[in-house]
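There are 2 protein chains.
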Amino acid sequence: MREELILDHGQRLLLRDGYQNLNLDELAKAIEYSKGTIYLQFETKEDLVLGIATRVLKERTRLFERAARFEGRTRERMRAIGFACCDFAVNHRDYFNIEMMLKSASFWEKASAERRRLHGIQAGQTFQTVTGIVVDAIRVGDLPPETRPADVTLSLISITMGSHIAAMEPDIQMVCGVKDPLLVVRRNQDLVCDGWNWKPLLRDWDYAATDRRIKAEIFPTATWLNEA
Amino acid sequence: MREELILDHGQRLLLRDGYQNLNLDELAKAIEYSKGTIYLQFETKEDLVLGIATRVLKERTRLFERAARFEGRTRERMRAIGFACCDFAVNHRDYFNIEMMLKSASFWEKASAERRRLHGIQAGQTFQTVTGIVVDAIRVGDLPPETRPADVTLSLISITMGSHIAAMEPDIQMVCGVKDPLLVVRRNQDLVCDGWNWKPLLRDWDYAATDRRIKAEIFPTATWLNEA
DNA sequence: CGTCGAATTGACTGTGCGTCAATAAATTGT
DNA sequence: ACAATTTATTGACGCACAGTCAATTCGACG
Chain A
1 MREELILDHG QRLLLRDGYQ NLNLDELAKA IEYSKGTIYL QFETKEDLVL
51 GIATRVLKER TRLFERAARF EGRTRERMRA IGFACCDFAV NHRDYFNIEM
101 MLKSASFWEK ASAERRRLHG IQAGQTFQTV TGIVVDAIRV GDLPPETRPA
151 DVTLSLISIT MGSHIAAMEP DIQMVCGVKD PLLVVRRNQD LVCDGWNWKP
201 LLRDWDYAAT DRRIKAEIFP TATWLNEA
Chain B
229 MREELILDHG QRLLLRDGYQ NLNLDELAKA IEYSKGTIYL QFETKEDLVL
279 GIATRVLKER TRLFERAARF EGRTRERMRA IGFACCDFAV NHRDYFNIEM
329 MLKSASFWEK ASAERRRLHG IQAGQTFQTV TGIVVDAIRV GDLPPETRPA
379 DVTLSLISIT MGSHIAAMEP DIQMVCGVKD PLLVVRRNQD LVCDGWNWKP
429 LLRDWDYAAT DRRIKAEIFP TATWLNEA
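Below, the structure written as structure tokens:
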């Protein structure tokens, strides 16, 4: 299919060059169609990039769903999601820059309504996967019964996104003495879970053992995992 | 001074139009100098935008410093910083999009070394203001003695940045039922402080009273403050 | 008032997104 | 088999805008 072909090569070039330097003439050459054909499938460059972003996001959703099936206590399952996040960041290092682009208002208004819808659906699915674990945690009593699931999910999204951004920034790395950015992400996730009083708390459980199981069972090929 | 004039009008246009739509011909017309004169002061468009961003950041640093002088327990002072953050977000609603731009690698490499340095210095100063309160908290025993200050600051930067981004996103607002984005930011900051076991914990202190004092003493003119 | 150097200009170049009239390919009708 | 008609594809072109630089204006000083 032509759209898939465009997305395949578009993704490759986008991740290599970033949004600003993505050149549609070059993309046209790569897919061996003309630029006009690209514009039959996508309204604008932004529309194309949103299409690519949604496809990459779909990969992450799948990764999250697999992590959510990790067998263990609810907080261990959420921890597996945290690992999935880091694994995704490693394997799609440059995708975060693109996700940043998506926050810009001027970007969205140049993309087609249909692609905005599809991206929203995909984002919703990721949200559902995380919230499912939170709901389980409340049901089995690992989280206090009055906890509102969406608030927990939102806080986890926030700390994860924020930590990724902050811990990758050279200025902040310097001044905060960051050695391993992904470790920062996972530690901050622990902090928020402890803040919600998600049992078992960090100090009450051997999460190092959990980490080894997650690595073995969910990410057998991951090489980025530092012990700490 | 010419540079100030350029930055003044540049800031106005940048916040009105965003980075992509900032037009240097229009800026030249606004300052009643030619485009060539702009390029005598700034190497590239990115360089100019970084200059503007640093100047806006300087405003935030000043705001933080004022908030840090709030009289009260260490966690109350940190709470004042949290308010400062929200106040800044309200008064520079569009600045966050620009801060997002700064994360993009291709952006930095087009700015001059000197302006990169100045921005780093300014960021460092903001960091110092926050870390100063954390150090005080450890000294007076509001935070556990083994706490590493930079880790606390980093987690607060992360949750604040992440919450701002997440809570502003329409998709996430919908699915998480966000009514007041700034309330989300402050609640998540509470969560992280509780996670560090920063005394007095949320449930052990009348922070609503603190909030009223902060509003009265530091932000007498702020109108965005919702009681909750 | 003339000379020299610094400040300023704005027409010009290059790049790359997006368009659309022209062309090629496929399908249908006879 | 061939013409007519519809659909797919093209790539040269328009245009907006970042960045340049030779020409020009300005101002200081003798």
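Going down the list, the protein sequences come from chains A and B. Those letters in the first sequence? Residues 1 to 228, per my numbering, in order. Those letters in the second sequence? Residues 229 to 456, per my numbering, in order. Note that the Cβ used here is the ideal one computed from N, Cα and C, for glycine as well. Given the structure is predicted, the values throughout are model-derived calculations rather than measurements.
Any beta-carbon of chain B closer than 9 Å to the one on residue i?
i, result
"residue 111 (chain A)", "no"
"residue 38 (chain A)", "no"
"residue 42 (chain A)", "no"
"residue 19 (chain A)", "yes"
"residue 166 (chain A)", "yes"
"residue 228 (chain A)", "Only weak support exists for where residue 228 (chain A) lies, its pLDDT of 48 falling under 50; the value from the coordinates is given anyway. Not closer than 9 Å to any Cβ of chain B, the Cβ of residue 228 (chain A) fails to qualify, so no."
"residue 78 (chain A)", "no"
Please state the DSSP three-state secondary structure of residue i.
i, result
"residue 127 (chain A)", "helix"
"residue 366 (chain B)", "helix"
"residue 446 (chain B)", "coil"
"residue 96 (chain A)", "helix"
"residue 244 (chain B)", "helix"
"residue 384 (chain B)", "helix"
"residue 197 (chain A)", "coil"
"residue 394 (chain B)", "helix"
"residue 179 (chain A)", "coil"
"residue 188 (chain A)", "helix"
"residue 64 (chain A)", "helix"
"residue 106 (chain A)", "helix"
"residue 28 (chain A)", "helix"
"residue 206 (chain A)", "coil"
"residue 50 (chain A)", "helix"
"residue 44 (chain A)", "coil"
"residue 456 (chain B)", "Because residue 456 (chain B) sits at a pLDDT of 48, beneath the cut-off of 50, its placement in the model cannot be relied upon, and the point is left open."
"residue 242 (chain A)", "Any answer about residue 242 (chain A) is impossible in this case: the structure gives chain A only from 1 up to 228."
"residue 74 (chain A)", "helix"
"residue 223 (chain A)", "coil"
"residue 267 (chain B)", "helix"
"residue 251 (chain B)", "coil"
"residue 80 (chain A)", "helix"
"residue 69 (chain A)", "coil"
Do residue j and residue i come within 9 Å of each other at the CB atom, strictly closer than that value?
i, j, result
"residue 192 (chain A)", "residue 419 (chain B)", "yes"
"residue 215 (chain A)", "residue 75 (chain A)", "no"
"residue 422 (chain B)", "residue 429 (chain B)", "yes"
"residue 271 (chain B)", "residue 340 (chain B)", "yes"
"residue 413 (chain B)", "residue 310 (chain B)", "yes"
"residue 261 (chain B)", "residue 307 (chain B)", "no"
"residue 136 (chain A)", "residue 77 (chain A)", "yes"
"residue 124 (chain A)", "residue 403 (chain B)", "yes"
"residue 384 (chain B)", "residue 358 (chain B)", "yes"
"residue 57 (chain A)", "residue 160 (chain A)", "no"
"residue 386 (chain B)", "residue 163 (chain A)", "yes"
"residue 98 (chain A)", "residue 53 (chain A)", "yes"
"residue 88 (chain A)", "residue 63 (chain A)", "yes"
"residue 297 (chain B)", "residue 312 (chain B)", "no"
"residue 275 (chain B)", "residue 343 (chain B)", "yes"
"residue 375 (chain B)", "residue 361 (chain B)", "no"
"residue 400 (chain B)", "residue 183 (chain A)", "no"
List the residues of chain A whose Cβ lies closer than 9 Å to the Cβ of residue i, in chain order.
i, result
"residue 397 (chain B)", "102, 103 and 123"
"residue 311 (chain B)", "Residues of chain A passing the Cβ test: none, with the nearest at roughly 18 Å."
"residue 302 (chain B)", "Within chain A, no residue comes near residue 302 (chain B); the closest Cβ sits about 18 Å away, beyond 9 Å."
When you compare the CB of residue i with every CB in chain A, is at least one pair closer than 9 Å?
i, result
"residue 318 (chain B)", "no"
"residue 277 (chain B)", "no"
"residue 443 (chain B)", "no"
"residue 366 (chain B)", "no"
"residue 415 (chain B)", "yes"
"residue 355 (chain B)", "yes"
"residue 237 (chain B)", "no"
"residue 361 (chain B)", "no"
Output, in chain order, the set of chain B residues within a Cβ distance shorter than 7 Å of residue i.
i, result
"residue 176 (chain A)", "378, 381 and 382"
"residue 195 (chain A)", "419, 420, 422 and 423"
"residue 184 (chain A)", "382"
"residue 159 (chain A)", "386, 387 and 390"
"residue 120 (chain A)", "399"
Name, please, each residue of chain B whose Cβ falls closer than 9 Å to the Cβ of residue i.
i, result
"residue 106 (chain A)", "245, 246, 247, 248, 249 and 325"
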